[in-house]
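Novice: Supplied in structure tokens, the structure appears directly below.
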Amino acid sequence: MRVKRIVANVVSPAPAEAARFYKDILGLDILMDMGWIATYGSEEEMTVQISFISEGGSGAPAPDLSIEVDDLEAVLRRVKKARIPVEYGPCDEPWGVRRFFVRDPFGKLVNILAHD
Numbered sequence: 001m002r003v004k005r006i007v008a009n010v011v012s013p014a015p016a017e018a019a020r021f022y023k024d025i026l027g028l029d030i031l032m033d034m035g036w037i038a039t040y041g042s043e044e045e046m047t048v049q050i051s052f053i054s055e056g057g058s059g060a061p062a063p064d065l066s067i068e069v070d071d072l073e074a075v076l077r078r079v080k081k082a083r084i085p086v087e088y089g090p091c092d093e094p095w096g097v098r099r100f101f102v103r104d105p106f107g108k109l110v111n112i113l114a115h116d
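This is the structure in structure tokens:
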């Protein structure tokens, strides 16, 4: 037996509101939309991972989600254009990532990062 996929489920009274952040800011595709559930993703090959944390590192709060991107500065420009407040960073961390934190439309703290 092997795990094929791990999906994060974010509870929301209005799943369609995810589009302006996860589609417009992060560029994810809508893979499924049944009204009560909207799933965003990409065809990018990803590793199965799940993290358990007691804090966010470097004194930062623990984020709800971590999303790795290939161009952190491009996402940061979209965030600023959308007037979404950056709650932490952007900063270069000693473990080899550059990152910043923002809140999605549902209040979830999202760690957006790129590896060096």
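Going left to right, the sequence shown walks through residues 1 to 116 as the UniProt record's numbering numbers them. All C-beta atoms, glycine included, are put in the ideal place defined by N, C-alpha and C. Remember, predicted model here, so these are calculated numbers, not experimental data.
1) Span of the beta strand (DSSP E) holding Val102?
2) Specify, as a first and last residue, the run of the alpha helix (DSSP H) that Leu72 falls within.
3) Tell me which same chain residues have a C-beta within less than 7 Å of the C-beta of residue 120, skipping the five on either side of it?
4) Measure the C-alpha to C-alpha separation of Asp70 and Ala114 and round it to an integer number of angstroms.
5) Could you spell out where the beta strand (DSSP E) holding Gly35 opens and where it closes?
Specialist: Taking the coordinates as given:
1) 97-103
2) 72-81
3) Only positions 1 to 116 of the chain appear in the structure, and residue 120 is not among them; the question remains open.
4) 6 Å
5) It is not in any beta strand (DSSP E) - Gly35 carries neither H nor E in the DSSP assignment.
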